[in-house]
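In the working numbering, the protein residues as written are 256 to 620.
Glycine is no exception: its CB is placed at the ideal position from the N, C-alpha and C atoms.
One structure below.
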Amino acid sequence: MIYFVTFVISALLLELGFREKDRNVVFVLVAAALLLPALLAGVRDETIGTDRLVYGDVLFYDVIKSQDLLHLDGMWTGWIEPGYIYLNVLVGKIYPNVNFFYFVLSLIEGICVIASFRVLRIKKFSGFAYAAYLFLFFQPAMNALRQSLSVSVGLLCVAFILRNRKILAAISFLLAVSFHNSAVIILFIPIVVLVLLKNHTKKMYVIMSLLMLTVLAGGDVLIDTFAPILNMEASRYNHYFNASDATGFSNTEFAFALFQFFFIFINYKKFRGNSLKLNFFVFISVASVPLSQILMFGGDYIGRLIILFNWLMIPMYALVLRMAEKKRVVFAGLSVYLISYWFYHYIYWGWNQTYPYTSKILGLD
Numbered sequence: 256m257i258y259f260v261t262f263v264i265s266a267l268l269l270e271l272g273f274r275e276k277d278r279n280v281v282f283v284l285v286a287a288a289l290l291l292p293a294l295l296a297g298v299r300d301e302t303i304g305t306d307r308l309v310y311g312d313v314l315f316y317d318v319i320k321s322q323d324l325l326h327l328d329g330m331w332t333g334w335i336e337p338g339y340i341y342l343n344v345l346v347g348k349i350y351p352n353v354n355f356f357y358f359v360l361s362l363i364e365g366i367c368v369i370a371s372f373r374v375l376r377i378k379k380f381s382g383f384a385y386a387a388y389l390f391l392f393f394q395p396a397m398n399a400l401r402q403s404l405s406v407s408v409g410l411l412c413v414a415f416i417l418r419n420r421k422i423l424a425a426i427s428f429l430l431a432v433s434f435h436n437s438a439v440i441i442l443f444i445p446i447v448v449l450v451l452l453k454n455h456t457k458k459m460y461v462i463m464s465l466l467m468l469t470v471l472a473g474g475d476v477l478i479d480t481f482a483p484i485l486n487m488e489a490s491r492y493n494h495y496f497n498a499s500d501a502t503g504f505s506n507t508e509f510a511f512a513l514f515q516f517f518f519i520f521i522n523y524k525k526f527r528g529n530s531l532k533l534n535f536f537v538f539i540s541v542a543s544v545p546l547s548q549i550l551m552f553g554g555d556y557i558g559r560l561i562i563l564f565n566w567l568m569i570p571m572y573a574l575v576l577r578m579a580e581k582k583r584v585v586f587a588g589l590s591v592y593l594i595s596y597w598f599y600h601y602i603y604w605g606w607n608q609t610y611p612y613t614s615k616i617l618g619l620d
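Encoded structure:
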């Protein structure tokens with residue numbers, strides 16, 4: 256299966272690249288780890304990913320045929336964020352081919368993920384963390400084009416926040432919001448960081464997680480309250496919180512989140528109190544459990560608001576492996592989790608319309 260083989264090879268290449276000392280070899284290995292999945296995304300058929308058919312191809316062709324941004328079709332106004340449109344313009348000027356655009360889009364996302372490892376100084380087992388990104392989020396990224404780009408930049412932004420690099424964090428935040436407005440959720444992160452700097456007890460982790468769930472579930476109330484003050488149009492954002500079809504408890508999502516949290520739990524003493532970075536990932540793993548039920552409280556679109564928190568778990572895979580005493584057992588357990596989640600959601604259920612993979616360019620039908 257082309258996805259599985261690509262993911263495994265790319266992860267191994269990155270692991271080798273991060274452990275290599277020769278800079279030239281490092282460049283070749285890391286570049287290969289980035290290019291393989293990006294090429295897979297770039298040469299795919301137009302039927303893979305619903306959003307490609309909804310706006311992806313149409314917007315790109317509209318951009319390259321328009322003489323300037325003022326002459327774009329009016330349908331994009333108030334819908335497609337300006338940063339994403341500008342990226343279409345930039346790539347279109349370099350090479351006006353929509354497959355090349357999707358290649359660049361996927362390449363940027365991979366670069367942001369790997370850059371976040373570097374910022375967080377995660378070197379050992381970075382390949383396994385990269386595998387987590389590929390198995391959990393690569394295929395959805397071929398569907399949710401704008402948001403996946405935004406979230407990848409958001410992950411890098413959070414890494415800058417944790418490293419106290421304020422200017423880079425601010426720049427990356429503005430970029431993330433320019434690609435998709437749901438990136439405003441990043442504004443929660445500094446608050447979480449400030450709390451963790453002062454208090455990182457077990458009780459605080461639980462309280463913050465439940466508070467996060469409450470705030471997101473009641474987001475429509477907050478929007479109605481503050482929208483007039485901020486001169487915002489509340490209806491543009493309230494659709495995220497409209498009634499959801501998923502009104503019951505999700506056993507599958509809860510089981511996946513709980514299994515993931517288990518590996519943090521068994522290493523809790525090593526994580527807690529050692530550093531802000533480790534405390535932060537304990538919080539994210541705890542929060543992922545109640546947030547797995549977010550659709551039960553909010554609308555269908557509310558899941559888009561917590562995607563960032565899901566992506567923030569990516570560096571955790573390297574940290575858990577680094578700190579675990581029984582590394583082989585943890586490696587096997589987390590590998591089972593990643594492959595099971597990937598197979599269940601994207602192969603068995605066909606989420607995000609990315610399977611089976613077809614490519615006329617590669618001759619795969």
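Checklist line | Cα-Cα separation between Gly311 and Ser407, rounded to whole angstroms | finding: Straight across, the Cα-Cα distance linking Gly311 with Ser407 is about 18 Å.
Check: My guess is that Ile561 and Ile569 are in contact by the Cβ rule of under 8 Å, so how many angstroms apart are they, rounded?
Finding: Contact flag wrong, Cβ pair sits at about 15 Å.
Notebook entry, point to check: So what's Leu375 in DSSP terms, helix, strand or just coil?
Noted result: When secondary structure is reduced to three states using DSSP, Leu375 falls in the coil class, being assigned neither helix nor strand.
Notebook entry, point to check: Roughly how many whole angstroms lie between the Cα atoms of Pro351 and Thr332?
Noted result: Between Pro351 and Thr332, the alpha-carbon positions lie close to 22 Å from each other.
Checklist line | Close-in-space but distant-in-sequence residues of the same chain around Asn343 (CB under 7 Å, 5 per side omitted) | finding: The beta carbon of Asn343 sits closer than 7 Å to those of Leu314, Phe315, Val318 and Phe356, all from its chain and outside the five residues before and after it, given in chain order.
Next item on the list: Counting only runs of 4+ residues fully inside the segment 396–439, write out the alpha helix (DSSP H) ranges in chain order.
Entry: Fully enclosed alpha helix (DSSP H) runs of 4 or longer: 400–417 and 421–434.
Note to self: Please report the straight-line C-alpha distance between Leu449 and Asn522, rounded to a whole angstrom.
What the structure shows: As the crow flies, the alpha-carbon of Leu449 is around 23 Å from that of Asn522.
Check: Taking three-plus beta-carbon pairs below 8 Å as touching, is the segment 436–453 in contact with the segment 392–411?
Finding: Short answer: they touch.
Item checked: Option nearest Gly382 by Cα separation, candidates Phe517, Gly304, Leu574 and Leu619 -> It is Leu574 whose Cα lies nearest to the Cα of Gly382.
Notebook entry, point to check: Roughly how many angstroms lie between the CA atoms of Leu205 and Lys458, to the nearest whole one?
Noted result: The chain is shown only over 256 to 620; residue 205 falls outside these bounds and no answer can be derived.
Checklist line | Inter-residue Cα distance where the pair is Val624 and Asp300 | finding: In the structure as shown, the chain starts at 256 and stops at 620, and residue 624 therefore has no counterpart that could be examined.
Check: Could you give the distance in angstroms between the alpha-carbon of Ala287 and the alpha-carbon of Gly272?
Finding: Rounded to whole angstroms, Ala287 to Gly272 spans 10 Å at the Cα level.
Note to self: Using the Cβ count rule (16 or more neighbours within 10 Å means buried), how would you classify Pro337?
What the structure shows: Pro337 is classed as exposed because its beta carbon has fewer than 16 other beta carbons within 10 Å across all chains shown.
Next item on the list: May I have the straight-line CA-CA distance separating Gly365 from Val374, to the nearest angstrom?
Entry: Going from the Cα of Gly365 to the Cα of Val374 covers about 14 Å.
Note to self: If I follow the unbroken alpha helix (DSSP H) through Trp331, where does it start and stop?
What the structure shows: Neither: Trp331 is in no alpha helix (DSSP H) and is coded neither H nor E.
Next item on the list: Return the first residue and the last residue of the alpha helix (DSSP H) that Arg577 is part of.
Entry: Looking at the DSSP string, the run of the alpha helix (DSSP H) that includes Arg577 is Ile569 to Met578.
Notebook entry, point to check: Among residues of its own chain, excluding the 5 on either side of Ile539, which ones have a beta-carbon nearer than 8 Å to its beta-carbon?
Noted result: The answer, listed in chain order, is Phe564, Leu567, Met568 and Met571.
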